[in-house]
Amino acid sequence: MTTAADRILAAVREIPHGQVASYGEIATRAGLPRRARLVARVLSHNDDAALPWHRVVRADGCIALERDSAAFNEQCGRLRAEGLTVDNGRVRRQRREPDLDQQVWGPAD
DNA sequence: ACGGTGACAAGCG
DNA sequence: ACGCTTGCCACCG
Numbered sequence: 049m050t051t052a053a054d055r056i057l058a059a060v061r062e063i064p065h066g067q068v069a070s071y072g073e074i075a076t077r078a079g080l081p082r083r084a085r086l087v088a089r090v091l092s093h094n095d096d097a098a099l100p101w102h103r104v105v106r107a108d109g110c111i112a113l114e115r116d117s118a119a120f121n122e123q124c125g126r127l128r129a130e131g132l133t134v135d136n137g138r139v140r141r142q143r144r145e146p147d148l149d150q151q152v153w154g155p156a157d
């Protein structure tokens, strides 16, 4: 039988290299909306070394682990190794184009 | 059963 | 962008 934990782990494994997902997103993708805290719990108990747990961050981009803890540093390192920018414990979000208006509305002639 | 806790999230000032 | 508050839900003593 597939347990909730199984589906959560599967969802985590589907996060592409070089990308991150929030606990809430993973919960939803696992068919468990509003179970972000369950995702956190599952990860904290996970033993699978192959699981890309480092790609899971909080909705605001912050790393959820305690600052300067071994796990925290491990996560930072792995994310940077995948090409992401981690600044002050937070993964930089995709910066929106400053001229987004132009892209959407066309040049302001 | 009940209250505290936690690798969370969204709304509001 | 930050800090607070509230909602959330599984676990544990």
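Sequential numbering from 49 applies to the first sequence in my numbering. Ideal placement from N, C-alpha and C gives every residue a C-beta, glycine not left out.
Arginine 83 and alanine 52 closer than 9 Å at C-beta: Closer than 9 Å, so yes.
7 Å Cβ shell around arginine 141 - same chain, five flanking residues per side excluded: Here arginine 141 has Gly109 as same chain residues with Cβ atoms under 7 Å from its own Cβ, once five neighbours each way along the sequence are excluded.
On the three-state DSSP scale, how would you describe alanine 69? Here alanine 69 sits in strand by DSSP.
Candidates Ala58, Ile74 and Asp135: which alpha carbon is nearest aspartate 96's? Aspartate 96 has its Cα closest to that of Ala58, out of Ala58, Ile74 and Asp135.
Measuring only the C-alpha atoms, how far is leucine 91 from leucine 80? Whole-angstrom Cα-Cα distance: 15 Å.
Could you pull the start and end residues of the alpha helix (DSSP H) that cysteine 124 belongs to? Note, cysteine 124: alpha helix (DSSP H), 118-129.
Spell out the partners DSSP gives arginine 138 in its beta bridges. Beta-bridge annotation (DSSP): arginine 138 is paired with Cys110 and Asp135.
Looking at alanine 98 and arginine 106, is the spacing between their C-beta atoms short of 9 Å? No, the pair does not count as a contact, with Cβ atoms beyond the cut-off.
Alanine 129 classed as buried or exposed, judged by whether at least 16 other C-beta atoms fall within 10 angstroms: With fewer than 16 other Cβ atoms inside 10 Å of its own Cβ, alanine 129 counts as exposed.
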